[in-house]
Structure formats: structure tokens, C-alpha cells
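The block underneath contains the structure these notes are about, expressed in C-alpha cells.
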Amino acid sequence: MTTKRERYGSGPVNASPLAQPLHFEPSGRIAKNRFLKSPMAEALATFDPDIPSKRGIPTNEIVEIYRRWGQGKNNWSVIVTGNIDIDYEDIAELSDMIITVNDPFEGKRFDQFRALATAAKADGSLILGQVSHPGRQVSARFQTHAISASAVPLTKYAEAFAIPYAASKEEIGRIVEWFAHAAEYLYKAGCVELHAAYGFLLSQFLSRSTNKRTDEYGVQTLENRLRLISGIVQAVKARVPSTFMVAAKLNSVEFQEGGVTPEDAKELCEKLEELGLDFVELSGGAFENFGRMESHWHVQQQPSLVYPSA
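The numbering of the sequence shown is this note's numbering, which starts it at 7 and goes up by one.
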């Protein structure tokens with residue numbers, strides 16, 4: 007017996023609004039059209055197994071990719087990079103781009119980030135740097151122990167991950183500083199935005215499934231869940247001009263007990279708007295469950311696994 011799945015109809019529509027400029031508040035930045043190149047892992051930055059400080063430098067290959075994505079007056083108006091990690095050891099993938107708090111606003115790394123931004127913006131596109139920290143989602147190949155909201159291990163996955171531990175308040179303060187430094191670094195290199203990717207450490211503070219804290223960073227209230235992100239946003243805005251875009255990538259659903267729900271996401275989006283973010287990018291799923299087999303969401307029949315949330 008087959009189950010009838012819900013389908014979404016389509017028909018002729020006027021596509022001209024896609025070519026219209028889009029104004030972002032509160033930064034005041036203007037995108038030349040409505041096309042956004044979403045983040046994807048490039049895995050083309052440098053990686054040195056022995057010398058951490060030589061990791062994560064954008065290569066000429068990455069610069070060329072972004073030149074092509076930004077080429078043309080009618081191409082992508084907003085280009086979001088893949089993960090830019092903020093630590094040499096806590097990395098999402100080999101050959102991610104990296105900006106650490108110890109990286110100065112000069113030298114080969116800085117010059118290559120500036121070259122990337124210049125190439126992407128040549129025909130008027132906005133380039134957004136997706137700064138993130140994997141938290142507990144760092145491979146055991148790189149780390150034996152990983153910082154997280156709580157000591158909730160990630161086991162339902164084929165790859166072995168580091169053993170997580172609950173971040174101390176001192177470590178949380180350092181994380182805020184690392185994100186803020188990366189934002190200032192990107193601004194000075196010519197990028198226009200910090201994209202705090204919530205798929206990793208920051209989401210681990212938002213989700214009830216991974217945050218078991220009982221202090222002011224716990225999940226007892228929405229204010230507590232957002233405390234780390236609020237601190238990062240405030241620290242970023244203190245370092246860069248008001249025209250610097252600040253946005254967030256947020257899960258709309260996590261397909262697991264205690265995870266973020268669409269109702270949670272709506273409330274979180276409203277609070278993030280109050281913090282002065284320009285926009286929120288909605289995604290979905292978690293490493294325990296990406297949602298591909300959730301029959302009640304019919305994701306196998308949809309163009310996007312988070313289509314209902316849109």
C-alpha cells in the first residue's frame with residue numbers, strides 16, 4: 007500500500023521581482039538582485055598537518071571560484087562563503103578557511119582574504135563570510151575533546167567525533183572574542199558581513215537536545231539560549247561600522263526530541279531581529295538526523311527539507 011504524499015503545485019509566475027534590488031536593514035546595504043549563493047564547503051584552503059598556523063589560508067583556487075561566482079552584472083547579488091573556522095584545531099573539515107584571534111590584519115592570510123573579497127565584489131556582489139565553530143561536531147581525527155554547551159556526545163553518525171565537554175564561562179568569553187575578531191578581520195579585508203553559522207557550536211547552545219546547562223546559558227528561557235549569540239552580536243557591532251552586515255544561519259527544525267522546532271525558530275528570528283541582524287538564513291536538520299526519512303515532513307518529495315517552515 008502506498009501513502010499519498012502532499013504535493014506543491016506550480017504555475018506561471020512573474021519572475022521580474024527576482025531582478026529587483028533588495029535593501030537590508032539596519033546596515034543599509036543593497037543587493038543588486040534577489041539571488042543568493044548559499045554556503046558550501048570549498049575544502050580548498052591550505053592545510054599543514056604539522057604547523058597549525060599554516061592552515062586555512064585561502065588559495066588562488068578559492069579566489070578564482072569566487073571571481074567566477076561574482077562575475078557578471080546579473081550574477082549572484084549575495085555570495086556566502088563556506089565555513090570560516092576560528093581555531094586551527096577545532097575545524098569542521100580539512101582545508102576550511104580559518105581566521106584565529108592571533109591572525110594579524112596583514113600578511114599572506116589577510117592578503118588572500120582581501121583578494122577573495124575583491125574578486126567576488128568586482129561586479130557589485132556582496133560577499134558574506136560564514137564564520138563558525140564546530141563545537142562537538144569536530145572529527146576525532148583532529149581533536150580528542152571538543153567544547154560544547156554540554157557534555158552530550160554525538161553518536162548517531164558514521165564518523166567518530168571528539169568527546170564534548172561543557173564550556174566554562176571563561177571559555178564562552180573567549181569564543182565571543184574570537185567571533186568578534188573574525189568579524190573585524192573580514193571587514194578590514196573587504197568583506198561586508200559576519201555570518202554566524204548556527205549549525206555547530208552556537209546551535210548547541212540553542213537546542214534543548216544539546217544544552218543541559220543550569221546557569222544563565224541554559225535553555226530555561228529564550229534569553230538564556232540566546233545569551234552567547236547576543237554577546238557575539240554586541241561584540242561584533244562594537245568593532246565594525248553600522249554598514250557592516252550581521253546575519254545568522256538558524257535551524258528551523260532538527261527532527262529530534264528536544265531539538266529546535268519551527269515554533270522555536272519563529273521566536274528566535276523575532277529576537278534576532280531585535281538584536282539588529284540584517285537577515286536570518288533558515289536551514290534544518292542535525293548530525294543525528296538530517297530529516298531525510300521523516301515521513302510526516304515528506305522531505306523526499308520536496309525541493310527543500312525545510313520547505314514547510316518557509
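Each residue gets a CB set at the ideal place from its N, CA and C atoms; glycine is no exception.
According to the DSSP assignment, Q136 belongs to the beta strand (DSSP E) that extends over L132 to S138.
Comparing alpha-carbon positions, the option among I68, Y171 and H187 lying closest to R245 turns out to be H187. As for any alpha helix (DSSP H) of minimum length 4 sitting wholly inside the stretch 65-96, the runs are 66-76, ordered along the chain. The three-state reading of DSSP puts K127 in coil, since its state is none of H, G, I, E or B.
Per DSSP, reduced to three states, the secondary structure at P170 is strand. Only exposed fits N80, as fewer than 16 other CB atoms lie within 10 angstroms of its CB. Residue pairing by DSSP leaves S59 without any beta bridge partner. Residue state for L288 is assigned as strand, using DSSP reduced to three classes. Counting C-beta atoms within 10 angstroms of its own C-beta, Q226 has fewer than 16 neighbours from the protein chains shown and is therefore classed as exposed. Between the beta-carbon of I71 and that of I90 there is about 15 Å, and that puts the pair past the 8 Å contact cut. The Cβ atoms of L234 and F211 lie closer than 8 Å to each other. In this chain, the alpha helix (DSSP H) harbouring L278 covers P268 to E280.
Taking 8 Å as the cut-off, the Cβ atoms of H151 and A168 count as close. Note that the stretch 272-290 touches the stretch 26-44; at least 3 beta-carbon pairs, one per stretch, sit closer than 8 Å. Counting other Cβ atoms within 10 Å of its Cβ, A253 reaches 16 or more and is therefore classed as buried. K255 carries a strand assignment under DSSP once its states are collapsed to helix, strand and coil.
Under the three-state reduction of DSSP output, K43 falls in the strand class. Here L283 carries a coil assignment [DSSP, helix/strand/coil]. Here the stretch 96-114 makes contact with the stretch 135-148; the two share three or more CB pairs at distances below 8 Å. D129 sits away from G88, with the two beta carbons spaced by 8 Å or more. Contact between the stretch 107-121 and the stretch 186-201 is present: three or more C-beta pairs spanning the two stretches fall below 8 Å. For I105, there is no enclosing beta strand (DSSP E), since its DSSP letter is neither H nor E. Straight across, the Cα-Cα distance linking N257 with E67 is about 31 Å.
Taking 8 Å as the cut-off, the Cβ atoms of I36 and P27 count as close. Out of G237, I238, S213 and K277, the CA that lies nearest to the CA of T267 is found in S213. With fewer than 16 other CB atoms across the displayed protein chains lying within 10 angstroms of its CB, E222 is exposed. Taking all protein chains in view, the Cβ of N108 is surrounded by fewer than 16 other Cβ atoms within 10 Å, so the residue is classified as exposed. Taking 8 Å as the cut-off, the beta carbon of L134 is found closer than this to the beta carbon of I85. Listed as beta-bridge partners of S213 by DSSP are no residues whatsoever. With contacts defined by Cβ atoms closer than 8 Å, F185 and I92 form a contacting pair.
With distances taken between CA atoms, L228 lies nearest to L274 out of L274, K218, S209 and G196. Nearest in C-alpha terms to A195, of all of K218, A121 and A126, is A121.
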